[in-house]
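A.B. asks: Mind having a look at this structure? Questions to follow.
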Amino acid sequence: MKFVLQTFKTEKRLIFISFLIFALSCLLGILTGIYFGDEIQKLLNQYLRKLFESIIKDAKSPYLLFTGILKNNMKVYFIIITLGTLSFGLISALVLFTNGFIVGAIGAISAKHMSIAKTLLLILPHGIFEIAAFLIGSAASAIFLESAVLSKEKPDIKLSFKRFFVLAVCGAILVVFAAFIEAFITLRFAK
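Below, the structure is given as structure tokens:
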């Protein structure tokens with residue numbers, strides 16, 4: 074447990090950079106949703122309708138919905154961890170930017186049709202954990218870049234891999250928790 078806490082403390086800069094990418098893209102999504110809501114809504118409807126239909130088509134129960142959401146979110150997380158690592162964090166940054174933009178745009182568009190409180194209830198309960206997972210995974214994907222290029226000391230690949238593994242596992246646990254909350258709790262707010 075001590076190493077886990079130490080890893081988060083050591084990698085707080087990467088986590089903060091990931092947060093900034095997400096937050097700025099979310100802000101851009103909000104502004105885009107406010108000023109170009111109708112156009113963005115058409116694009117998002119096409120993309121998100123296909124995505125949600127593929128997730129919920131077989132979801133006859135909250136458990137099946139949970140597994141559908143979990144599969145989708147783990148797929149995104151796997152992309153962040155694997156392709157993000159292979160690209161030294163570049164693909165992770167792109168995934169964070171895309172997700173932040175979509176969350177911001179959907180939030181702004183939804184707030185036009187329902188209260189801000191209801192919009193937040195539909196996003197925050199699971200979103201806090203899902204976004205945290207993606208931020209942590211993105212930070213993990215950049216550990217080797219930080220170790221090899223940005224560190225003043227000789228890279229310790231073994232230590233970098235341990236830190237990568239700790240962050241990757243913590244992020245994966247958060248993805249599972251977020252999917253559970255989305256399937257069993259968030260959808261109750263939607264009704």
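Our numbering applies: residue 74 is where the sequence shown begins, and numbers increase by one.
Every residue, glycine too, gets a C-beta built ideally from N, C-alpha and C.
Keep in mind that this is a model prediction, so the values were computed, not measured.
(1) Assuming G269 and I103 form a contact by the criterion Cβ under 8 Å, report the distance between their Cβ atoms to the nearest whole angstrom.
(2) Along the chain, which unbroken stretches of the beta strand (DSSP E) at least 3 residues long are found entirely within the stretch 90-145?
(3) Nearest to Y150 by alpha carbon, out of G180, A190 and A212?
(4) Leaving out five residues before and five after I152 in sequence, what residues of the same chain have Cβ atoms less than 8 Å from its Cβ?
(5) For G200, which residues in the same chain have their Cβ closer than 8 Å to its Cβ, ignoring the five residues on either side in sequence?
(6) When you compare each of I230, R86 and T105 to T171 by their alpha carbons, which one comes out closest?
(7) For K225, name the three-state secondary structure that DSSP assigns.
(8) Enumerate in chain order the residues of its own chain whose CB-to-CB distance from I88 is below 7 Å, with the five nearest sequence positions on each side excluded.
(9) According to DSSP, is G173 part of a helix, a strand, or is it coil?
(10) Tell me, to the nearest whole angstrom, how far the beta carbon of A221 is from that of I154; I am working on the premise that it is less than 8 Å.
(11) Quick one: using the 10 Å Cβ neighbour count with 16 as the cut-off for buried, is R122 buried or exposed?
(12) What three-state label does DSSP hand A178 in the structure shown?
(13) Of all the options F234, E84 and L101, which has the alpha carbon lying nearest to the alpha carbon of F174?
(14) What is the residue span of the alpha helix (DSSP H) that I230 lies within?
(15) Please classify R261: is it buried, with 16 or more other beta-carbons within 10 angstroms of its beta-carbon, or exposed?
(16) Tell me which same chain residues have a C-beta within less than 6 Å of the C-beta of L197, skipping the five on either side of it?
C.D. replies: Reading from the atomic positions:
(1) Since the first and last residues shown for the chain are 74 and 264, residue 269 lies out of range.
(2) none
(3) Looking up residue 150 in the sequence shown gives position 77. Checked all of G180, A190 and A212; the closest Cα to Y150 is A212.
(4) Mapped onto the sequence shown, residue 152 falls at position 79. So the list reads I164 and V168, once near-sequence residues are dropped.
(5) As a position in the sequence shown, residue 200 is number 127, starting the count at 1. For G200, where only same-chain residues beyond five positions count, the Cβ hits under 8 Å are V176 and A251.
(6) Numbered from 1 along the sequence shown, position 98 holds the residue referred to as residue 171. Among I230, R86 and T105, the Cα nearest to that of T171 belongs to T105.
(7) Sequence index remark: in the sequence shown, residue 225 carries index 152 (1-based). Of the three classes helix, strand and coil, the one that applies to K225 here is coil, per DSSP.
(8) Along the sequence shown, one-based indexing puts residue 88 at 15. Same-chain partners within the cutoff: L208, I209 and A212.
(9) Stepping through the sequence shown from its first residue, residue 173 is reached at position 100. Helix.
(10) Mapped onto the sequence shown, residue 221 falls at position 148. Mapped onto the sequence shown, residue 154 falls at position 81. Here A221 is actually not in contact with I154; their C-beta atoms are around 18 Å apart, not less than 8 Å.
(11) For the purposes of this step, residue 122 is taken as the residue at position 49 of the sequence shown. Flag for R122 reads exposed.
(12) Stepping through the sequence shown from its first residue, residue 178 is reached at position 105. In the structure shown, A178 sits in a helix (DSSP, three-state: H, G or I).
(13) If you number the sequence shown from 1, residue 174 lands on position 101. Nearest of F234, E84 and L101 to F174, Cα basis: L101.
(14) As a position in the sequence shown, residue 230 is number 157, starting the count at 1. Taken as a continuous stretch (DSSP letters only), the alpha helix (DSSP H) holding I230 covers I230 to I254.
(15) Mapped onto the sequence shown, residue 261 falls at position 188. By the beta-carbon neighbour count (other beta carbons within 10 angstroms, threshold 16), R261 is exposed.
(16) For the purposes of this step, residue 197 is taken as residue 124 along the sequence shown, with counting starting at 1. Taken in chain order, the list of residues that qualify is empty.
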